[in-house]
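One structure below.
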Amino acid sequence: MKEVVFDIKKFSYVTGDEIDVSFIPMMLRRKLNTFGRAGLYTLYGAYDGGSPNLVFSSCYGDFERVVKLINQRKEDGEVSPAGFSSSVHNATVGLFSLLEGVKTGYNSISAGEKSVAAGFLESILAGESLFCYAESFGGIKSVSVLTSVNNKGKFLLCENSENLPVNDGFEDLTAFLEGKNDTFVSDLYVVKKNEDL
Numbered sequence: 001m002k003e004v005v006f007d008i009k010k011f012s013y014v015t016g017d018e019i020d021v022s023f024i025p026m027m028l029r030r031k032l033n034t035f036g037r038a039g040l041y042t043l044y045g046a047y048d049g050g051s052p053n054l055v056f057s058s059c060y061g062d063f064e065r066v067v068k069l070i071n072q073r074k075e076d077g078e079v080s081p082a083g084f085s086s087s088v089h090n091a092t093v094g095l096f097s098l099l100e101g102v103k104t105g106y107n108s109i110s111a112g113e114k115s116v117a118a119g120f121l122e123s124i125l126a127g128e129s130l131f132c133y134a135e136s137f138g139g140i141k142s143v144s145v146l147t148s149v150n151n152k153g154k155f156l157l158c159e160n161s162e163n164l165p166v167n168d169g170f171e172d173l174t175a176f177l178e179g180k181n182d183t184f185v186s187d188l189y190v191v192k193k194n195e196d197l
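Below you can see the structure in the form of structure tokens.
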């Protein structure tokens with residue numbers, strides 16, 4: 001893996017159900033459940049304007065909405081088109097791109113337990129990008145990170161050649177972003193401070 005030097009410009013994260021998204025127009029806000037609110041809250045918390053590449057990741061996506069649709073199909077023989085459009089994996093990042101007029105492409109990733117690590121890696125490699133991880137299964141949580149490749153950046157992405165112990169979950173990433181951990185370690189890569197500065 002080629003080393004990448006980059007910057008983390010901004011980040012935002014949230015856990016739990018109490019999420020203030022009063023900045024979103026009321027007609028759209030009404031359609032959001034807590035999963036969508038969490039994702040949009042952190043996306044806006046890390047967004048700095050412009051048109052970054054967008055990367056969204058989630059292990060289970062909007063679990064609550066999917067279960068509701070499955071039950072609706074089972075009981076009524078059909079599903080609500082509005083409910084379905086809000087349940088797709090990329091609905092949150094798609095709504096964000098519509099609200100902000102971001103016309104760059106976006107990737108939506110689901111990699112099981114590795115969804116945080118896979119999404120963060122994709123965003124670093126995408127150059128100027130805004131990454132959002134959101135999860136609803138086992139409790140609402142979301143983190144968004146604005147990154148940009150920069151030869152004099154404060155952070156370094158490199159291969160996990162020393163086979164360091166993996167610490168690549170939601171809590172690990174938020175602790176790294178806050179400076180509580182020196183590294184964010186996946187089985188494939190390590191993100192750490194750039195020691196060449």
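Note that UniProt numbering has the sequence shown beginning at 1, numbered continuously upward. Glycine residues also receive a C-beta, built at the ideal position from the N, C-alpha and C atoms. In this text, all values refer to a predicted model and were calculated from it rather than measured experimentally.
- Separation of the CB atoms of Cys158 and Ser142 is rounded to 27 Å, and the pair is thereby denied contact status at 8 Å.
- If you look at Thr147, you'll find it in the beta strand (DSSP E) that goes 141 to 149.
- Distance between Tyr44 and Lys10, taken at the CA atoms: about 10 Å.
- Of all C-beta pairs linking the region 113 to 130 to the region 170 to 188, three or more are shorter than 8 Å, placing the two stretches in contact.
- Between the alpha carbons of Gly77 and Val67 lies a distance of about 14 Å.
- By the neighbour-count criterion, in which 16 or more other beta carbons inside 10 Å mark a residue as buried, Phe23 falls on the exposed side.
- Beta-bridge partners assigned by DSSP to Ile109: Ser57.
- With fewer than 16 neighbouring CB atoms inside 10 Å of its own CB, Asp48 falls in the exposed class.
- Going by C-alpha positions, Arg30 is about 29 Å away from Thr174.
- Positions of the beta strand (DSSP E) runs, each at least 3 residues long and wholly inside the region 113 to 190, are given as 129 to 135, 141 to 149, 155 to 159, 183 to 185 in order along the chain.
- Counting only the Cα atoms, Glu3 lies some 15 Å from Thr183.
- Rounded to whole angstroms, the gap between the alpha carbons of Tyr60 and Asn160 is 27 Å.
- The alpha carbon of Asp7 has as its nearest neighbour, out of Val145, Leu164, Asn163, Tyr189, the alpha carbon of Val145.
- For Thr15, the uninterrupted beta strand (DSSP E) segment begins and ends at 4 to 15.
- The DSSP-derived three-state label of Lys68 is helix.
- Residue burial annotation: Gly36 is buried, with at least 16 other C-beta atoms found within 10 angstroms of its C-beta.
- Separation of Glu122 and Met26 (C-alpha to C-alpha, rounded to the nearest whole angstrom) is 32 Å.
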